Ligand code: TYD
């Protein structure tokens with residue numbers, strides 16, 4: 003399984019401000035087929051709480067900050083994202099939750115596949131048995 007990791011994206015800063023970009027297969031480990039963004043998250047609310055079977059994602063705090071909990075079959079690591087030029091790459095097979103959103107937070111997600119509800123595992127018990135099954 004590919005490993006999750008932080009990805010540093012290019013930054014061009016000058017007196018007019020800053021610009022960051024990401025090109026598929028150059029800065030990102032997959033071709034982007036879909037983008038979505040999460041914002042106006044009320045204090046205390048969590049997002050995600052699911053795993054993907056095939057879809058790869060990159061999460062970027064394009065504004066504000068939030069935390070991402072990465073859980074690989076019970077092995078947990080937490081990342082704090084708060085920079086528009088740093089992405090967190092999440093390959094499939096990882097149970098992921100986002101929380102602690104700042105008031106102004108915008109979480110941009112770049113995804114490798116179009117939206118498909120069948121790609122989601124939304125039950126944690128199902129996730130654990132799916133990845134413990136030697137044929138899957
Ligand atoms: P949901 O999966 O609950 O968001 P989260 O990332 O917090 O788990 O998605 C909310 C709704 O939006 C759900 O009904 C599915 C829909 N949706 C799409 O139609 N297309 C998309 O690309 C995404 C990410 C969600």
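In our numbering, the protein residues as written are 3 to 138.
Where a beta carbon is used, it is the ideal one built from N, C-alpha and C, also for glycine.
Quick caveat: nothing in here was measured; it's all calculated off a predicted structure.
Item	Value
Residues near residue 1 by beta carbon distance below 8 angstroms, same chain, minus five either side	Residue 1 is absent from the structure shown; the chain starts at 3 and stops at 138.
Residue 59 - DSSP class collapsed to helix/strand/coil	strand
Residue of 31, 120, 76, 114 minimising C-alpha distance to residue 99	76
Nearest-angstrom Cβ-Cβ length linking residue 40 and residue 72, presumed shorter than 8 angstroms	With 8 angstroms as the limit, residue 40 and residue 72 do not qualify as a contact, their Cβ atoms being about 17 angstroms apart.
Beta-bridge pairing of residue 89 - partner residues as DSSP gives them	9, 62
Beta-carbon spacing of residue 7, residue 115 below 8 angstroms	no
Distance cut-off 7 angstroms: residue 115 Cβ against heavy atoms of the ligand TYD	no
Boundaries of the alpha helix (DSSP H) in which residue 132 is found, first to last residue	126-134
Same chain only: Cβ atoms within 6 angstroms of residue 103, ignoring 5 sequence neighbours per side	43, 68
Cα-Cα separation between residue 20 and residue 93, rounded to whole angstroms	28 angstroms
Exposed unless 16 or more other CB atoms sit within 10 angstroms - verdict on residue 119	exposed
Cβ-heavy atom distance, residue 38 to the ligand TYD, below 7 angstroms	yes
beta-carbon residue 52 near the ligand TYD non-hydrogen atom, thresh 7 angstroms	yes
Beta-carbon proximity list for residue 121, same chain, < 7 angstroms, skipping 5 on both sides	54, 55, 56, 57, 115
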